[in-house]
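Colleague: In this text, residue positions in the sequence shown follow the working numbering: the first is 858, and each later residue adds one.
Every residue gets a Cβ at the ideal spot worked out from N, C-alpha and C, and that includes glycine.
In this text the structure is predicted, and so the values were computed from the model without any measurement.
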Amino acid sequence: MSQYDWSLENVKKGLKHPGRALDEVALDYLYRFPAARLNGRRPIGTNVFDREWDVLILLDTCRVDALEAVADEYDFLGAIDSIRSVGGGSAEWIARTFDEAHRREIANTAYLSANGRLQQVLEDRRHEVDPGKHLTYRALRAMPTVGIDALGKAEYLFRYEPWGVDGERGHVDGMTPPRYVTDRAISVSRTESYDRTILHYFQPHSPWVSNALEDDRELYEYEDDWWGYLTETGDVETVWNAYLDDLRYVLDDVALLLENLDAERVVISADHGEAFGEYGVLGHKIGSLHPKIRRVPWAETTAEDRHTHEPTVSEPDDARVDSEALEAQLEALGYKV
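1. Determine, using beta carbons only, whether I1125 and A1160 come nearer to each other than 8 Å.
2. On the three-state DSSP scale, how would you describe L1139?
3. Just list the alpha helix (DSSP H) runs in the stretch 888-935, keeping only unbroken ones of 4 residues or longer that don't cross its boundaries, in chain order.
4. What separation, rounded to the nearest whole angstrom, lies between the Cα atoms of D1081 and A1132?
5. May I have the straight-line CA-CA distance separating I1043 from E1012, to the nearest angstrom?
6. Please specify which runs of the alpha helix (DSSP H), each continuous and at least 4 residues long, are wholly inside the stretch 1028-1079, giving them in chain order.
7. A1007 to L969, Cα distance in whole Å?
8. Assuming I940 is part of the beta strand (DSSP E), what are its boundary residues?
9. Specify, as a first and last residue, the run of the beta strand (DSSP E) that W1155 falls within.
10. Which residues does DSSP pair with Y968 in a beta bridge?
11. Any contact between the stretch 961-979 and the stretch 995-1003? By contact I mean 3 or more CB pairs, one from each, below 8 Å.
12. S1171 to S1067, Cα distance in whole Å?
13. Could you give the DSSP three-state label for D956: helix, strand or coil?
14. Using the DSSP secondary-structure output, state which residues sit across from T1002 in a beta bridge.
15. According to DSSP, which residues form a beta bridge with A1120?
16. Give the DSSP-derived three-state secondary structure of L1145 in the structure shown.
17. With a 10 Å radius around its C-beta and 16 neighbouring C-beta atoms as the bar for buried, classify A958 as buried or exposed.
18. Let me know the secondary structure DSSP gives S1171 once reduced to three states.
19. Which of the three DSSP states, helix, strand or coil, is assigned to A883?
20. Can you determine whether any heavy atom of the ligand FAD sits closer than 7 Å to the C-beta of Y1058, and answer yes or no?
21. Write down the C-beta distance between W1065 and D1023 rounded to the nearest angstrom, noting that I regard them as a contact closer than 8 Å.
22. Cutting at 7 Å between CB atoms, please list the residues of its own chain near E925, excluding the five before and the five after it.
23. Thinking C-alpha only, which one of I1143, R1047, E1116, S1145 is nearest R1163?
24. Reducing DSSP to helix, strand and coil, say where A1127 ends up.
25. By the DSSP assignment, the alpha helix (DSSP H) with E1089 in it spans what residues?
26. CB-CB under 6 Å to S859, same chain, minus the five flanking residues each way: which ones, in chain order?
27. Just to confirm before moving on: does the CB-CB distance between H984 and L992 stay below 8 Å?
28. From V1045 to V912, what does the alpha carbon distance come to, in whole angstroms?
29. Thinking C-alpha only, which one of A967, T1033, L1014, H1141 is nearest T1048?
30. In whole angstroms, give me the CA-to-CA distance for T1054 and T903.
31. Do the CB positions of G973 and H1129 come within less than 8 Å of each other?
32. Can the beta-carbon of Y1058 be found less than 8 Å from the beta-carbon of K1010?
33. When the Cα of D1109 is compared with those of E1078, Y1136, L1076, P1034, which residue comes out closest?
34. Assuming R982 is part of the alpha helix (DSSP H), what are its boundary residues?
Next comes the structure, spelled out in structure tokens:
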């Protein structure tokens, strides 16, 4: 079976948006697949394990200019530096970051993630075992990725209130709310000891739910299918503002986090960024070398546990999420899996 979905619905979408169809097919073969394969042979970007930090906070899809735009609203954000990410998407970032060359550091690292790519890449190894996978996803086979057992600790926080689940903290059409990551991070920092901790928040990745949560409503088109909305309207400002609001949504939780754990070196960064039409590109994809996607923030700060918050989220069980259910969630969020 082809890795591309040639259903009638998708063919209609391709005819309606030919530029997007070209991006999906031609650029994968001619550009992103070769780039991802090259990344497997020689890293393109900076592996975070080569930098100094105690706690690494990943804000999924956070751009450098986005963090700069809201920096004056948060005391813990000062100068925003940047690095070049090793991935154009979460799966590529995970596959290239957790590699054999850094096995020793990985062994004493806790990774608490609201992004299901953690399980898909490090445990399920879907890029290796499924021949029907999307072309660029299969390119990850070239990377010297370790398995999930190489980590000192891994928590699948994407189990909490995933897409399609109506829970007490999030939106039914959104993904795991920030508080689950914040609570588990505080609990782990107070009761366990690791050299390094990675906290992977899903926000500000779309769908953007913060305003819909506040207004108790369904998502607007630009909050849910922003690709389609932007392609049809060209209204970048509305899309950008919704994205920034979800960045604020997660940064509010980061503020709470930083006064409830002890860490001398905290870094706020991202696994990858997002393109909003620059050079004709939308979103983020494995193998992309687009500067708005591969250039990510690197903002350093500190944390001190003042015990202003007591976490209520318990540790998830270590059972893996059903692969088909996980893929359905990721597809609903716009991923090609």
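Modeller: In short, the structure shows the following:
1. Not closer than 8 Å, so no.
2. Secondary structure at L1139: strand, using DSSP grouped into helix, strand and coil.
3. 890-898, 921-927
4. 16 Å
5. Cα to Cα, I1043 sits roughly 13 Å from E1012.
6. 1035-1048, 1067-1072
7. In a straight line, the C-alpha of A1007 is about 14 Å away from that of L969.
8. Here the beta strand (DSSP E) through I940 covers 938-941.
9. 1152-1160
10. A1011, I1055
11. yes
12. Each residue's alpha carbon lies about 24 Å from the other.
13. strand
14. D956
15. A1160
16. Position check: residue 1145 holds Ser in this sequence, whereas Leu was assumed. In the structure shown, S1145 sits in coil (DSSP, three-state: anything other than H, G, I, E or B).
17. exposed
18. coil
19. helix
20. The ligand FAD is not part of this structure, which contains no ligands at all.
21. In fact, because the Cβ distance is near 18 Å, the residues do not count as touching under 8 Å.
22. I937
23. E1116
24. coil
25. 1083-1090
26. Annotation note: pLDDT 40 at S859 (below 50); position unreliable, coordinate value reported separately. Around S859: no qualifying Cβ.
27. no
28. 12 Å
29. A967
30. Near 18 Å, if we compare the C-alpha coordinates of T903 and T1054.
31. no
32. no
33. P1034
34. Counting along the chain, R982 falls outside any alpha helix (DSSP H), and DSSP gives it neither H nor E.
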